[in-house]
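*Asks:* Following this message is one structure expressed as structure tokens.
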Amino acid sequence: MDKFHIVGGKTLEGRVAISGAKNAALPAMAAALLTSEPVELANVPRVRDIGTMRSLLDELGVDSSIAHEEYGIRLRIEARQLLSPLAPYELVKQMRASVLVLGPLLARFGRAQVSLPGGCAIGARPINLHIQGLERLGAQIRIEHGYVKATTDGLKGALFAFDTVSVTGTENLMMAATLAEGETVLENAAREPEVTDLARLLNKMGASVEGAGTETLRIRGVAKLHGASHTIIPDRIEAATFLVAAAMTHGCITLERVEPGHLTAVVAKLAEAGVNVTADSSGQGKSEQASLQVTGPTTLRAADVTTGEYPGFPTDVQAQYMALMTQAEGSSVITETIFENRFLHALELMRMGADIRVEGRHAHVRGRTPLSGAKVQASDLRASASLVLAGLAAEGETLVDRVYHIDRGYERIEEKLTRLGASIRRISEA
Ligand code: EPZ
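Heads up, the sequence shown is in numbering that gives the first Met the number 0, so the first residue is 0 and it goes up one at a time.
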């Protein structure tokens with residue numbers, strides 16, 4: 000398993016291009032199952048989960064090809080036919096987002112067998128709402144031997160209200176509804192930018208999805224969808240991670256190819272902590288997207304945060320923010336409302352010298368505590384990022400183990416950080 004070796008204390012300076020959003024690319028790849036015509040996706044990030052989703056499409060008998068571009072990869076997916084409706088456990092356990100093929104397979108082919116994803120480090124992660132919603136649309140679903148076995152002789156539009164806001168639940172049902180007979184209304188739908196980006200792609204493919212970005216989606220079913228080309232939105236979580244990296248190293252970096260509108264809650268919270276983030280027009284025109292400049296202050300202020308569904312503060316930035324708060328003057332309370340067990344990174348940060356007390360959904364951080372480099376272990380994608388950030392700010396050397404977690408969602412993070420002046424290198428082990 001690969002490790003990262005980091006020598007802390009370097010100040011980050013320079014420019015970094017933010018990659019396309021993994022959590023927008025994954026549902027977009029699943030959406031390609033809804034048509035027999037080619038779907039082209041640009042600005043897809045070179046991350047492990049994309050490779051896993053390609054393997055899953057391959058298992059289903061769906062061709063996909065890639066072209067490497069200046070920024071990320073261009074994917075071409077052509078689901079002319081389905082060789083198998085089976086999403087096997089071996090792939091689904093690697094990546095829960097595999098569940099996103101359930102809705103499209105049912106809608107297009109009338110059958111799907113998708114392994115239950117099982118829990119993960121941050122929580123039980125059930126998919127009961129995905130299943131309830133598909134049943135409401137007329138699917139017959141059995142759970143057998145760890146698999147969701149679903150069939151339908153034609154989905155029919157319906158009203159479905161989510162008990163809990165679910166990002167992939169909303170995406171699964173939205174995709175299924177595009178080919179259902181009649182109108183579907185999804186209430187208490189997720190409003191994340193990745194959901195909106197998927198709706199934009201589906202409409203380009205001939206679907207009729209209204210209300211994306213609001214809590215009520217209206218989807219009028221159509222008989223067929225056609226191919227389309229689409230550019231994946233920037234990754235707001237990667238962007239937030241680099242904003243925190245600059246803040247923790249008192250650096251000054253410019254993030255290129257970002258969508259500032261997706262980072263409002265994060266930028267506001269960082270401002271409260273004394274981190275200055277401004278739109279940077281100097282690079283405007285070179286890339287079709289905006290840039291943000293961030294300057295890490297000499298003194299960081301403690302500021303409480305509570306995670307929430309979009310447009311609230313993202314749960315996927317909570318771990319990175321906790322690392323930041325260990326360097327802030329004063330005490331802060333971090334409240335995690337989305338997942339029941341998303342403080343595993345606190346234990347590793349404490350080994351580096353952080354003063355954190357976890358009580359249920361709250362983590363009490365007392366800063367500022369100097370961090371000292373240590374051997375630490377990643378547990379999930381965003382926890383790993385927070386350990387890298389801590390290593391950048393720590394005195395001495397840090398060894399982050401199991402960085403395959405990071406590779407799932409960050410495109411060559413060690414190369415991007417090195418170009419910004421960090422001392423970080425990958426140690427590849429068989
Ligand atoms: C998506 O996961 C993201 N993954 C996660 O990012 C992100 O943390 C999460 O949304 C919240 O923003 C992708 O988009 C691929 P949920 P998802 O369904 O859809 C409960 C990362 O780091 N729930 O919105 O699986 C669930 O237990 C990953 O890239 C049910 O109870 O999350 C959780 O408490 C980590 N029943 C809450 O809803 C269901 O059927 C939100 O989960 C579905 C969800």
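Virtual Cβ for every residue (Gly too), placed ideally from N, Cα, C.
Computed from a prediction, not measured in an experiment: that's the story for all the values here.
1. So Asp48 packs on Ala86, CB below 8 Å; how close in whole Å?
2. Let me know the secondary structure DSSP gives Ser54 once reduced to three states.
3. List in chain order: all unbroken beta strand (DSSP E) runs of 3+ residues lying wholly within the segment 242-294.
4. What are the complete alpha helix (DSSP H) segments, minimum 4 residues, inside the segment 159-244?
5. Going by DSSP, what residue range makes up the alpha helix (DSSP H) through Gly102?
6. Tell me whether Glu39 sits in a helix, a strand or coil according to DSSP, three-state version.
7. Please classify Lys223: is it buried, with 16 or more other beta-carbons within 10 angstroms of its beta-carbon, or exposed?
8. So which of Thr417, Ala302, Val243, Gln288 has the shortest CA-CA distance to Val276?
9. Quick one: Cα of Thr34 to Cα of Glu347, how far?
10. Based on Cα-Cα distance, which residue from Leu391, Pro125, Glu237 lies nearest to Ala322?
11. The ligand EPZ and Ser427: does the residue's C-beta get closer than 8 Å to at least one heavy atom of that ligand?
12. To which residues of the same chain is Ala245 closer than 6 Å at the C-beta, ignoring the five residues directly before and after it?
13. Who are the near neighbours of Leu299 in its chain, counting only those whose CB is closer than 6 Å to its CB and skipping five residues on each side?
14. Whole angstroms are fine: how far does the CA of Asn187 sit from the CA of Val6?
15. Does the structure place the segment 127-134 close enough to the segment 153-169 that three or more beta carbon pairs sit under 8 Å?
16. Apart from the five residues just before and just after Arg110, which ones in its own chain have a Cβ nearer than 6 Å to its Cβ?
17. Rounded to whole angstroms, what is the Cα-Cα separation between Gly420 and Lys9?
18. In its own chain, which residues sit with a C-beta less than 7 Å from the C-beta of Ala160, not counting the 5 before and 5 after it?
19. Could you pull the DSSP bridge partners for Ala111 from this structure?
20. Would you identify the three-state DSSP class for Arg407, choosing helix, strand or coil?
21. Starting from Lys2, follow the beta strand (DSSP E) in both directions and report where the run begins and ends.
22. Can you tell which of Arg45, Pro233, Val98, Glu180 has the C-alpha that lies nearest to the C-alpha of Arg135?
23. Look at Asn22 and Thr230 and say whether their C-beta atoms are less than 9 Å apart.
24. Cβ of Leu25 versus every heavy atom of the ligand EPZ: is any distance shorter than 8 Å?
25. Rounded to whole angstroms, how far is the Cβ of Ile333 from the Cβ of Val364, which I believe are closer than 8 Å?
26. So, at 8 Å on beta carbons, what are the nonlocal neighbours of Gln112 in its own chain, with the 5 sequence-adjacent residues on each side left out?
27. Compute the beta-carbon to beta-carbon distance between Ile232 and Pro192, rounded to the nearest angstrom, for a pair I have assumed lies under 8 Å.
28. For my contact list, Val61 and Leu104 are in at a C-beta cut-off of 8 Å; report their separation, rounded to the angstrom.
29. Look up Gln326 in the DSSP assignment and say whether it is helix, strand or coil.
30. Answer yes if the segment 396-403 comes into contact with the segment 374-384, meaning at least three C-beta pairs across the two stretches below 8 Å, and no otherwise.
31. Roughly how many angstroms separate the alpha carbons of Glu214 and Val208, rounded to a whole number?
32. So, under 8 Å CB-CB, Ala138 and Thr177 are touching, yes? Tell me the CB distance rounded to an integer number of Å.
33. DSSP on Glu12, reduced to helix/strand/coil?
34. Indicate the three-state DSSP secondary structure (helix, strand or coil) for Glu394 in the structure shown.
35. Taking only three categories from DSSP, how would you classify Arg341?
*Replies:* Working from what's here:
1. The Cβ separation is near 14 Å, so there is no contact.
2. helix
3. 251-257, 275-278, 289-294
4. 166-176, 192-203
5. 101-108
6. strand
7. exposed
8. Val243
9. 46 Å
10. Leu391
11. no
12. Leu11, Ile252, Val293, Gly295
13. Ala272, Gly273, Gln326, Ala327
14. 45 Å
15. yes
16. Pro84, Thr150
17. 7 Å
18. Glu186, Asn187
19. Ala149
20. coil
21. 2-6
22. Glu180
23. no
24. yes
25. 6 Å
26. Pro84, Leu85, Ala86, Tyr146, Val147, Lys148, Ala149
27. 6 Å
28. Rounded, the Cβ-Cβ distance is 10 Å, inconsistent with contact.
29. coil
30. yes
31. 13 Å
32. About 15 Å separates the two Cβ atoms, so there is no contact after all.
33. strand
34. strand
35. coil
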